[in-house]
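Engineer: Starting off with a structure, shown below.
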DNA sequence: TATTGTTATACTCTATAACTATA
DNA sequence: TATAGTTATAGAGTATAACAATA
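Protein chains in written order, with the numbering used here: chain D, 1 to 157; chain U, 1001 to 1157.
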């Protein structure tokens, strides 16, 4: 009924809609965490540290699909906030292992709440069944197309 | 079984997954149309012209949620490619109406094929039922949260 | 010589602001 | 004076490349 843009037209494709909706979602999440002095990529780095402890900056760069110098600036910021610690590897003093601090874990929890709230407003109009289907499909796409765990792209503005 | 990142952890939220998958989708689509000398935002503008003919650049800027000067550069590029025409409004000579040319419509069709191919690889592992559920949910989110028709955000690289 | 982290630099994208022409 | 389009400029974000310390 309302499908001016259904069918094969560009705005009706999954790729296009994922692109647009992904921007919206990232935008709202970015706005929600802005008061915490965090960008989505900072949260992505913290989430990676939470899931997999004791990684070097190089490891993180390749796993997150970004360049090592970006990890440096993200880690610098998180370190200033007291969310992570840099620890020199004793056996190889070139390596620095990043670890979440208690404060960092706390911050991550706050970000989780923010993301959950964004989810709520974003999916408010879906039926429970539709929401479950969406989550299921997104989970498959996520685990399927993401052997690496790329960081979310923050909105350009 | 495979859900290291399920539950309420950040990577498991809809917002986060839409953000990451949206980046992937936009990235692949951008790669697919790169040989055509187009970026996602060019395609977004062409799609808007295809859906709603005879709009001025200001109209388009507000409808697409970008600044007028960005419409200028996008239109400049599309005009150089012969995909659109600029036509001065006879009654108000300040206004310029953008219109897709036949060549532009052709180009848009090629982009549609590219998007459809990206869709195919992106959703290859979904069952037909899951695919349908995903499309349904995305359609609802799209029509629900997008009173305006924002342009897709191209990947930063 | 190769690798880790860092710094310096450049590039892309987009917004803001100043400007021209029409109204 | 206000509006449509354009141009010039600036800012955010990220990559590339050069560098220092360690292996």
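Positions of the beta carbon are idealized from the N, C-alpha and C atoms, including for glycine.
1. Using a Cβ-Cβ cut-off of 8 Å (strictly less than) and excluding sequence neighbours within five positions of residue 72 of chain D, which residues of its own chain qualify?
2. So, are the CB atoms of residue 1100 of chain U and residue 1042 of chain U less than 8 Å apart?
3. What's the call for residue 10 of chain D, buried or exposed, on a 16-neighbour Cβ count within 10 Å?
4. Would you identify the three-state DSSP class for residue 69 of chain D, choosing helix, strand or coil?
5. Anyone know if the C-beta pair for residue 134 of chain D and residue 1122 of chain U falls short of 8 Å?
6. Could you check whether the Cβ of residue 31 of chain D sits closer than 7 Å to any heavy atom belonging to the ligand NAP?
7. Hey, out of D:37, D:74, D:98, D:109, whose CA is closest to residue 59 of chain D's CA?
8. Would you say residue 63 of chain D reaches chain U, if we count a Cβ-Cβ gap shorter than 8 Å as a contact?
9. Taking all protein chains shown into account, do 16 or more other C-beta atoms lie within 10 angstroms of the C-beta of residue 1044 of chain U, making it buried, or fewer, making it exposed?
10. For chain D, check one thing: does any of its Cβ atoms lie closer than 8 Å to the Cβ of residue 1024 of chain U?
11. Is it buried or exposed for residue 154 of chain D, if we count other Cβ within 10 angstroms and need 16 for buried?
12. Output the boundary residues of the beta strand (DSSP E) element that contains residue 140 of chain D.
13. When the distance is taken between beta carbons, is residue 138 of chain D closer than 8 Å to residue 1028 of chain U?
14. Could you pull the start and end residues of the alpha helix (DSSP H) that residue 1121 of chain U belongs to?
15. Rounded C-beta distance between residue 47 of chain D and residue 118 of chain D? I'm assuming under 8 Å.
16. Enumerate in chain order the residues of its own chain whose CB-to-CB distance from residue 1050 of chain U is below 8 Å, with the five nearest sequence positions on each side excluded.
17. Under 8 Å between beta-carbons, which chain U residues line up against residue 136 of chain D? List them in chain order, please.
18. By the 10 Å Cβ neighbour count, where 16 or more other Cβ atoms means buried, how is residue 1090 of chain U classified, buried or exposed?
19. Mind checking who residue 1084 of chain U pairs with in its DSSP beta bridge?
20. Measure the beta-carbon distance from residue 1031 of chain U to residue 1039 of chain U and round it to whole angstroms, keeping in mind my assumption that it falls under 8 Å.
21. Does DSSP put residue 15 of chain D in a helix, in a strand, or in coil?
22. Compare the C-beta of residue 68 of chain D with all C-beta atoms of chain U and state if any pair is closer than 8 Å.
23. Compare the C-beta of residue 1105 of chain U against all C-beta atoms of chain D and say whether one is closer than 8 Å.
24. Find the residues of chain U that neighbour residue 119 of chain D, judging by a C-beta separation of less than 7 Å, and give them in chain order.
25. In or out: residue 75 of chain D buried (at least 16 other Cβ within 10 Å) or exposed?
26. Quick check on residue 22 of chain D: buried or exposed, where buried means 16 or more other Cβ atoms within 10 Å of its Cβ?
27. So residue 14 of chain D and residue 1142 of chain U are supposed to be a Cβ contact under 8 Å. How far apart are they, rounded?
28. Taking only beta-carbon positions, decide if residue 1010 of chain U is within less than 8 Å of chain D.
29. How many angstroms separate the CA atom of residue 53 of chain D from the CA atom of residue 33 of chain D?
30. Between residue 1019 of chain U and chain D, is there a C-beta pair that is closer than 8 Å?
31. Using the Cβ count rule (16 or more neighbours within 10 Å means buried), how would you classify residue 12 of chain D?
32. Name, please, each residue of chain U whose Cβ falls closer than 7 Å to the Cβ of residue 43 of chain D.
33. At a Cβ threshold of 8 Å, is residue 1145 of chain U touching chain D?
Structural biologist: Let me lay it out:
1. 57
2. no
3. buried
4. helix
5. no
6. No copy of the ligand NAP occurs in the structure displayed, which carries no ligand at all.
7. D:98
8. no
9. buried
10. yes
11. Confidence is the limiting factor: at residue 154 of chain D the pLDDT is only 48, short of 50, which leaves the residue's position unreliable, though a coordinate-based value still follows. When all chains shown are included, residue 154 of chain D counts as buried.
12. Unbroken run through residue 140 of chain D is the alpha helix (DSSP H), 128-145; no beta strand (DSSP E).
13. no
14. 1102-1122
15. The Cβ separation is near 15 Å, so there is no contact.
16. 1100, 1105, 1108
17. 1130, 1133
18. exposed
19. U:1100
20. With 8 Å as the limit, residue 1031 of chain U and residue 1039 of chain U do not qualify as a contact, their Cβ atoms being about 11 Å apart.
21. helix
22. no
23. no
24. 1013, 1014, 1015
25. buried
26. buried
27. About 11 Å; that fails the 8 Å criterion.
28. yes
29. 23 Å
30. yes
31. buried
32. 1010
33. yes
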